[in-house]
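Enquirer:
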Amino acid sequence: MSAPTTRDASLLLDILGGLVPLHLVRLRDPAELDRVRREITAEAFGAGSPSENPQEYGLADTIAACGDRLTNPNSFRSKADRADRSRLLNAMATALALSAMSPGGVTWCGRHWCTGHAACLAAGAA
Ligand SMILES: [Zn+2]
Numbered sequence: 003m004s005a006p007t008t009r010d011a012s013l014l015l016d017i018l019g020g021l022v023p024l025h026l027v028r029l030r031d032p033a034e035l036d037r038v039r040r041e042i043t044a045e046a047f048g049a050g051s052p053s054e055n056p057q058e059y060g061l062a063d064t065i066a067a068c069g070d071r072l073t074n075p076n077s078f079r080s081k082a083d084r085a086d087r088s089r090l091l092n093a094m095a096t097a098l099a100l101s102a103m104s105p106g107g108v109t110w111c112g113r114h115w116c117t118g119h120a121a122c123l124a125a126g127a128a
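So, in structure tokens, the structure goes:
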């Protein structure tokens, strides 16, 4: 496994830079926002022991399960692995979008997302 490079991190941030605004649009729907908030810890999939089905992982579980493989080019060769990558990128973008909706938004790896930037500037959060 090769160590992630600055170019890898930049590419990831570019991808998230496109995905986070799309998720912010999706989360304008109150029902979708409520569903996603429950999805953070897989509550949406029912109580009980963690699922063996990656499709039923919560956002945090998805990020924890395969986040370390994101920048390794050999980690996503199979169709199932590529589905994991898609779930991971969407989980990261959703988590950042949820954070962006909080006062002051979120700044991660030098990128800032929010829903009211004038308030961020006024509070010195960006
Ligand atoms: Zn802002």
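Mapping to this note's numbering: the sequence shown position 49 is 51, numbers consecutive. Every residue gets a Cβ at the ideal spot worked out from N, C-alpha and C, and that includes glycine.
Would you say the beta carbon of G107 is closer than 6 Å to some non-hydrogen atom of ligand 1?
Expert: Along the sequence shown, read from residue 1 onward, the residue named residue 107 stands at position 105. Yes; taking the cut-off as 6 Å, the Cβ of G107 has a heavy atom of ligand 1 nearer than that.
Enquirer: DSSP three-state label for R113, please.
Expert: Locating residue 113 in the sequence shown gives position 111, where the first residue counts as 1. Strand.
Enquirer: Can you give me the C-alpha to C-alpha distance between M94 and I65, rounded to a whole angstrom?
Expert: Counting from one through the sequence shown, the residue named residue 94 turns up at place 92. Counting from one through the sequence shown, the residue named residue 65 turns up at place 63. Near 7 Å, if we compare the C-alpha coordinates of I65 and M94.
Enquirer: If you draw a straight line from the C-alpha of G126 to the C-alpha of G106, how long is it?
Expert: Translated into the one-based positions of the sequence shown, residue 126 becomes position 124. Translated into the one-based positions of the sequence shown, residue 106 becomes position 104. If I take the Cα positions, the gap works out to 8 Å.
Enquirer: Looking at the secondary structure, which residues open and close the alpha helix (DSSP H) in which T96 lies?
Expert: Taking the sequence shown and counting its residues from 1, one reaches residue 96 at position 94. Where T96 is concerned, the enclosing alpha helix (DSSP H) stretches over K81 to A102.
Enquirer: Could you tell me which of R40, G20 and S80 sits nearest to A62, measuring between CA atoms?
Expert: As a position in the sequence shown, residue 62 is number 60, starting the count at 1. Looking at the Cα atoms, R40 is the closest of the given residues.
Enquirer: Express the C-alpha separation of G69 and R79 in angstroms, rounding to a whole number.
Expert: Position 77 of the sequence shown, counting from 1, holds the residue named residue 79. Position 67 of the sequence shown, counting from 1, holds the residue named residue 69. Their Cα atoms are separated by approximately 16 Å.
Enquirer: Would the C-beta of H25 count as close to ligand 1, meaning under 6 Å from any of its heavy atoms?
Expert: Counted from its first residue, the sequence shown places residue 25 at position 23. Result no, Cβ not under 6 Å from ligand 1.
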